[in-house]
Amino acid sequence: MASDLETTSVVVVGAGLSGLQAARSLQDAGFATVVLEARSRVGGKTWSIPAGPDGRGVADLGAEWLNDTTQPHVYQLAKSLGLEFTGVKAEGDAILQLNGDRLDHSVIRHPYGEQAPLPGNEDQVVHRMKELFEEEYSKIDLTRCHECDHDDITLEDFVRSRGGSPAALATVAVWTRVMLGCEPGELSAASFFVYCQSQGGLMKMRSGQVQGRYLTVRTGTQSIAEALAATLSPGSVRLDTAVRSIVQSSNGVVVRTTAGHVFRARKVIVAFSTPLYSKVNFDPPLPEGKALLANSTVLGYYTKVMVSYSRPWWKDKGLSGASQSFVGPAAATRDTSDYSCSHFRLTSFIAGQPGREWSQLPAAERKATVLRQLAHLFNSDTAHQPTEYIEQQWSSEEWSMGCPCPYTPPGLLGKAAEFLIEPHGHVHFVGTETAVKWKGYMEGALTAGIRGAAEVTNLLKGVAT
1 MASDLETTSV VVVGAGLSGL QAARSLQDAG FATVVLEARS RVGGKTWSIP
51 AGPDGRGVAD LGAEWLNDTT QPHVYQLAKS LGLEFTGVKA EGDAILQLNG
101 DRLDHSVIRH PYGEQAPLPG NEDQVVHRMK ELFEEEYSKI DLTRCHECDH
151 DDITLEDFVR SRGGSPAALA TVAVWTRVML GCEPGELSAA SFFVYCQSQG
201 GLMKMRSGQV QGRYLTVRTG TQSIAEALAA TLSPGSVRLD TAVRSIVQSS
251 NGVVVRTTAG HVFRARKVIV AFSTPLYSKV NFDPPLPEGK ALLANSTVLG
301 YYTKVMVSYS RPWWKDKGLS GASQSFVGPA AATRDTSDYS CSHFRLTSFI
351 AGQPGREWSQ LPAAERKATV LRQLAHLFNS DTAHQPTEYI EQQWSSEEWS
401 MGCPCPYTPP GLLGKAAEFL IEPHGHVHFV GTETAVKWKG YMEGALTAGI
451 RGAAEVTNLL KGVAT
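Residues in the sequence shown are numbered consecutively from 1, following the UniProt record's numbering.
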């Protein structure tokens with residue numbers, strides 16, 4: 001129907017931070033832009049809901065933290081949008097839960113931000129493995145990831161070939177689960193090293209010794225997306241609008257939605273993860289490199305479980321609420337309380353294979369398993385007395401399929417990495433995994449959106465690049 005046809009300069013598919021930033025940059029440059037979002041909300045993998053017994057708290061179901069120094073784009077954007085921050089405090093000791101052939105399910109208490117003391121010479125082995133990792137990722141040119149060494153083997157293979165002990169491999173598994181929702185045997189060593197390098201290095205990321213402050217947004221990180229969307233021209237963002245096809249011709253692009261609406265544009269920006277490309281019919285089809293990314297990159301299993309209590313009982317024991325576990329189902333926990341409104345909460349990050357196995361349990365048993373682990377980690381039966389339990393399984397979301405960022409199995413990076421940001425005719429690609437720095441983070445999503453918008457702007461204005 002004629003009434004279903006709309007003409008605009010650019011269509012952005014996806015209203016996460018990357019897509020919204022691209023749209024804002026394009027509108028600032030003077031181009032009419034429409035954003036199509038399959039979900040009934042903006043924000044993508046930022047999603048914030050009211051929480052706490054009185055609803056005055058906020059639970060970030062997805063991305064939660066930002067840094068005021070090392071992540072300047074997201075910090076300055078949130079600040080410019082009038083959002084307020086809360087500093088993250090990690091006061092007290094942390095816990096490491098052990099397992100393996102030589103280690104039992106005991107827990108080790110240690111200062112937060114420091115390596116936990118392990119039995120025997122395991123400390124030295126883990127420390128050496130960190131050094132080996134740093135040697136590998138520090139020599140990576142992030143603009144030439146397809147040339148990286150060790151793409152033909154898994155990260156587990158790399159660890160074992162360098163004399164990694166069971167504890168070293170278990171430690172690495174915690175990292176891959178928390179960072180990418182996968183096991184060391186599922187991704188290439190090269191892709192993990194690229195991911196580390198994009199965030200400034202593993203040792204800074206995992207130790208907690210970072211430049212600047214880690215912050216949360218008082219109203220939740222989805223507020224960034226909501227406020228960003230509000231800066232766009234009225235009616236720019238169309239929710240509940242899933243895209244069925246993107247058809248190109250010499251004159252531009254026609255985008256059709258599953259509801260039958262048609263948008264005619266000069267350019268399109270795709271702002272969702274590579275594994276979701278297969279949900280859209282591209283005509284002409286994606287070139288070989290792009291198709292390989294669409295069909296071979298994987299989003300890991302990831303769930304956040306937020307458990308609230310009437311008081312922060314772990315503080316009674318001098319604990320920070322932070323933990324890592326070789327056992328699972330939670331690979332890590334953090335204190336995500338908002339002390340300003342007496343909302344006390346422990347958040348568990350349930351990921352990788354232990355998470356997949358946990359997800360198969362009935363809902364009541366999943367909850368009981370989480371509470372048992374918290375009680376064991378922090379040695380208190382008070383863990384079994386929550387005031388609120390919130391569970392967000394990202395892998396079960398149709399338009400997410402997992403989080404935080406796709407990983408690449410062995411052999412893929414060398415074949416397809418150079419095609420990650422390459423346009424396909426009039427179609428350009430953004431998203432946090434396409435960022436050079438801070439892949440998988442809000443910062444990376446924003447910088448990718450800025451980059452994609454600049455590509456389109458230069459082409460529409462006829463600017464040589």
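Each residue gets a CB set at the ideal place from its N, CA and C atoms; glycine is no exception.
In the three-state DSSP reduction, P166 falls in the helix class (H, G or I). Between S310 and Q97 the beta-carbon gap is near 25 Å, outside 8 Å, which marks them as no contact. Just so you know, the alpha carbons of G328 and C182 end up roughly 13 Å apart. Non-local C-beta neighbours of T457 in its own chain, meaning closer than 8 Å and more than five positions away in sequence, comprise S25, L26, A29, F31 and V463, ordered along the chain. If you look at A351, you'll find it in the beta strand (DSSP E) that goes F344 to A351. Contact annotation: S188 and P410 have beta-carbon atoms nearer than 8 Å. Your pair V58 and G220 checks out as a contact, with CB atoms roughly 4 Å apart and the cut at 8 Å.
Proximity of the region 392 to 400 to the region 150 to 170 falls short of the contact definition, fewer than three beta-carbon pairs being nearer than 8 Å. A331 is a Cβ neighbour of V178, given a cutoff of 8 Å. If you compare the alpha carbons of A225, L142 and S165 with that of A417, the shortest gap goes to L142.
Where V13 is concerned, there is no enclosing alpha helix (DSSP H), although the beta strand (DSSP E) around it starts and stops at V10 to V13.
With 16 or more other Cβ atoms inside 10 Å of its own Cβ, A445 counts as buried.
Shown here for S9: same chain residues with a beta carbon closer than 8 Å to its own, the five before and five after excluded, namely L26, F31, A32, T33, A265, R266, K267 and L460 in chain order. Residue pairing by DSSP places P386 opposite no residue, since no beta bridge is assigned to it.
With 16 or more other Cβ atoms from the protein chains shown falling within 10 Å of its own Cβ, R39 counts as buried. The C-alpha of A435 is placed about 20 Å away from the C-alpha of H426.
V88 sits in coil when the DSSP states are folded into three classes, being neither helix nor strand. Membership of A322 in any alpha helix (DSSP H) is not indicated; the residue belongs instead to the beta strand (DSSP E) covering L319 to S325. Sequence-distant partners of R109 (beyond 5 residues in either direction) whose C-beta falls short of 7 Å from its own C-beta, in its chain, are D93 and I95. By the CB criterion at 8 Å, L299 and C403 fall inside the cutoff. Around the beta-carbon of R345, 16 or more other beta-carbon atoms lie within 10 Å, marking it buried.
F31 is bridged by DSSP to nothing; it lacks a bridge partner. The Cβ atoms of S308 and H343 lie closer than 8 Å to each other. Minimum Cα-Cα distance from Y339 among the listed residues L132, G52, A190 and P354 corresponds to G52. Contact between the region 189 to 202 and the region 147 to 155 is present: 3 or more CB-CB pairs across the two stretches fall below 8 Å. Spanning the alpha carbons of R334 and A229 requires a straight line of approximately 30 Å. A straight-line Cα-Cα distance of about 22 Å links S80 and K437. Around the beta carbon of G82, fewer than 16 other beta carbons lie within 10 angstroms, which makes this residue exposed.
Annotation: the continuous alpha helix (DSSP H) that includes R372 extends over A363 to F378. Per DSSP, R451 is one residue of the alpha helix (DSSP H) stretching across M442 to K461. T432 places its beta carbon less than 8 Å from that of A448. By the Cβ rule, the region 116 to 127 does not count as touching the region 364 to 371, because fewer than three pairs are nearer than 8 Å.
Secondary structure note for F158: it is in no beta strand (DSSP E), and the uninterrupted alpha helix (DSSP H) holding it is L155 to S161.
V194: member of the alpha helix (DSSP H) spanning A189 to S198, first to last residue. Taken through DSSP and simplified to helix, strand or coil, I246 comes out as strand.
Within the same chain, F263 come within 6 Å of E6 by CB-CB distance, once the 5 residues on both sides are set aside.
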